Amino acid sequence: MSAQVSSPEITFHAEHSGTTKRIWRTFWLLSALTIVELAIGLLIYNMHKGEHPNHTLVLAFKGMVCILTLAKAYYIVSVFMHLGDEVRNLIMTIVVPLCLFIWFIAAFLWDGNSWKVLRNRYNGTPAPIEKVTPAAKEKGAKD
Amino acid sequence: MSTAAVQQGTKWWSGGRSPFNASYGKVMMWYFLMSDAFTFGAFLISYGTIRFSVNDWADPNHVFNSFPFAGHANLPLAFVSLMTFILIASSVTMVLAVHEGHNMNRKGVEKYMLYTIIGGIAFLSCQAWEWTHLLTGEHVAMLSDGTLSVLPTTVKSNPWGTPLPHEAMLAALQNTPHDQLASIAATLHHAGEAHNVAAMSNAELIKFIESADLHASNTGPIAFGGYFFGITGFHGFHVFSGVIINIVMYIKAKLQHFDQRGHYEMIEKAGLYWHFVDLVWVFVFLCFYLI
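Protein chains in written order, with my numbering: chain A, 1 to 143; chain B, 144 to 434.
Have a look at this one:
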């Protein structure tokens with residue numbers, strides 16, 4: 001490998017290992033995480049098929065899938081996109097703004113939930129979204 | 144090591160070199176991807192807000208349970224797993240292309256870029272099949288006026304509401320006009336050859352439908368189709384543009400442009416974009432199919 005300088009802005013080149021071992025290891029890791037996610041997804045599917053799914057347990061499994069997804073994202077960004085090999089300052093200018101997502105997700109999901117609570121409180125029972133016309137109601141089309 | 148020596152004595156902020164030790168193009172690609180992450184994030188969070196605000200949402204295992212050439216077999220998660228693995232595999236071939244680029248191996252870059260392009264096209268084909276399946280699918284749902292209707296999944300109709308109890312379905316059948324009864328009868332598996340459904344009377348049709356094991360649902364929140372097609376469409380558009388960029392890079396590698404330039408950094412930048420597409424799919428997969 002010639003020591004070609006790809007750009008005058010670059011002072012030193014990151015050490016790229018000669019082998020592809022790390023890439024393949026990450027590939028198997030990502031595949032394994034995906035398979036675990038799918039297994040949990042099928043578990044949730046089977047729980048939903050049951051008469052009374054345990055909602056706390058379903059929520060816990062969904063939380064686990066979210067954590068696994070974040071792990072996958074970490075490996076894609078740090079190994080495949082080589083962000084882990086960059087200068088720390090560059091990593092920080094990418095990662096720190098993304099922390100906005102913590103507030104973004106929490107605030108808006110909270111908002112959506114509050115919307116549901118208010119709608120159920122002031123629209124009466126938690127009925128399906130559409131209103132039923134009186135004519136159809138007489139025939140007992142909805143309960 | 145030489146790099147450590149350079150690192151120590153370097154005046155990073157006195158001009159002439161990047162304090163990030165990366166070319167302008169690469170740094171800007173990172174910032175573009177960060178802004179794109181916020182765009183996708185805003186879409187997905189908006190979807191989450193709406194989903195949190197309603198009592199029932201379409202069950203993904205129910206909506207996405209089919210596989211090409213598998214007929215009506217119930218295969219939840221199967222097809223989307225295939226799509227996910229296609230994208231992960233194409234991500235690996237992309238990073239291998241970048242690796243070959245570091246080694247200045249043009250043949251290797253060409254080979255892996257070609258694999259990546261094929262993976263991208265395979266993913267897009269899968270998505271085209273899935274969209275067609277949803278847009279042309281026929282599901283019986285009860286409309287807000289209490290009649291039954293055959294609905295596809297579009298941005299304007301969502302047949303994936305809560306299941307309709309059997310008695311409610313029988314009552315709704317009585318309200319349903321003739322043309323809708325005929326189209327419901329036509330969707331049933333054992334219809335067709337023997338019956339000319341349009342010629343049957345309402346009572347005959349209702350009897351015919353009752354004899355079949357018909358599952359109907361309420362209509363679901365109308366936002367489902369818009370969010371699904373909007374977000375997967377926006378992602379699919381990214382995949383499409385990624386494939387175009389990769390094709391351009393493949394041609395440029397073949398024309399030896401990067402050899403003349405002395406480095407394969409363009410492959411790295413295209414790779415960043417392609418991995419980002421994979422990264423977004425990880426979250427789309429999570430939000431639409433898994434939870």
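In this text, a Cβ means the ideal position worked out from N, Cα and C, and glycines have one as well. Keep in mind the model is a prediction, meaning the values are calculated, not measured.
Item: Would you check if the segment 246-258 of chain B and the segment 300-310 of chain B touch, i.e. whether three or more CB-CB distances between them fall below 8 Å?; Value: no
Item: Which whole-angstrom value is the C-beta distance of residue 168 of chain B and residue 395 of chain B, which I expect to be below 8 Å?; Value: Between residue 395 of chain B and residue 168 of chain B the Cβ distance is about 14 Å, and since that is not below 8 Å, they are no contact.
Item: DSSP has residue 306 of chain B in a bridge; who is on the other side?; Value: B:360
Item: What number of angstroms, rounded off, separates the C-alpha of residue 4 of chain A from the C-alpha of residue 197 of chain B?; Value: Note on residue 4 of chain A: pLDDT 48, under 50, position unreliable in the model; the coordinate value appears next. One C-alpha to the other measures close to 58 Å.
Item: Give the single residue among A:109, A:34 and A:13 whose Cα lies nearest to the Cα of residue 245 of chain B.; Value: A:13
Item: Mapping the DSSP letters down to three states, classify residue 65 of chain A as helix, strand or coil.; Value: helix
Item: Please classify residue 391 of chain B: is it buried, with 16 or more other beta-carbons within 10 angstroms of its beta-carbon, or exposed?; Value: exposed
Item: Do three or more CB pairs link the segment 416-423 of chain B to the segment 376-391 of chain B at distances below 8 Å?; Value: yes
Item: By the 9 Å beta-carbon criterion, what residues does the segment 28-45 of chain A contribute toward chain C?; Value: Of the protein chains in this structure, namely A and B, none is chain C.
Item: Quick check on the burial criterion: 16 or more other C-beta atoms within 10 angstroms. Buried or exposed for residue 275 of chain B?; Value: exposed
Item: Closer than 6 Å to a non-hydrogen atom of the ligand NAD - does that hold for the CB of residue 426 of chain B?; Value: Absence of the ligand NAD from the depicted structure is noted, as is the absence of any ligand whatsoever, leaving it without description.
Item: Would residue 228 of chain B and residue 432 of chain B be called neighbours here (beta carbons separated by less than 7 Å)?; Value: no
Item: Enumerate in chain order the residues of its own chain whose CB-to-CB distance from residue 289 of chain B is below 7 Å, with the five nearest sequence positions on each side excluded.; Value: 315 and 318
Item: So for residue 284 of chain B, helix, strand or coil by DSSP?; Value: strand
Item: Could you check if residue 299 of chain B is buried or exposed, using at least 16 other CB atoms within 10 Å of its CB as the buried criterion?; Value: exposed
Item: For residue 48 of chain A and residue 325 of chain B, I'd like the C-alpha separation in whole angstroms.; Value: 33 Å
Item: What number of angstroms, rounded off, separates the C-alpha of residue 115 of chain A from the C-alpha of residue 59 of chain A?; Value: 20 Å
Item: Could you check the C-alpha separation between residue 210 of chain B and residue 218 of chain B for me, to the nearest Å?; Value: 7 Å
Item: Can you tell me the Cα-Cα spacing of residue 157 of chain B and residue 85 of chain A, whole angstroms?; Value: 23 Å
Item: Using the DSSP secondary-structure output, state which residues sit across from residue 292 of chain B in a beta bridge.; Value: B:284
Item: Would you check if the segment 356-364 of chain B and the segment 340-347 of chain B touch, i.e. whether three or more CB-CB distances between them fall below 8 Å?; Value: no
Item: Taking just the CA atoms, how far does residue 234 of chain B sit from residue 266 of chain B?; Value: 12 Å
Item: Between the segment 50-65 of chain A and chain B, which residues of the former have a C-beta closer than 7 Å to a C-beta of the latter?; Value: 62 and 65
Item: Are the beta-carbon atoms belonging to residue 237 of chain B and residue 414 of chain B less than 7 Å from one another?; Value: yes
Item: Going by the CB atoms, is the gap between residue 173 of chain B and residue 94 of chain A shorter than 7 Å?; Value: yes
Item: Please state if the CB of residue 434 of chain B and the CB of residue 186 of chain B are separated by a distance shorter than 7 Å.; Value: no
Item: Helix or strand or just coil, what does DSSP make of residue 355 of chain B?; Value: coil
Item: In three-state DSSP terms, what is residue 160 of chain B?; Value: coil
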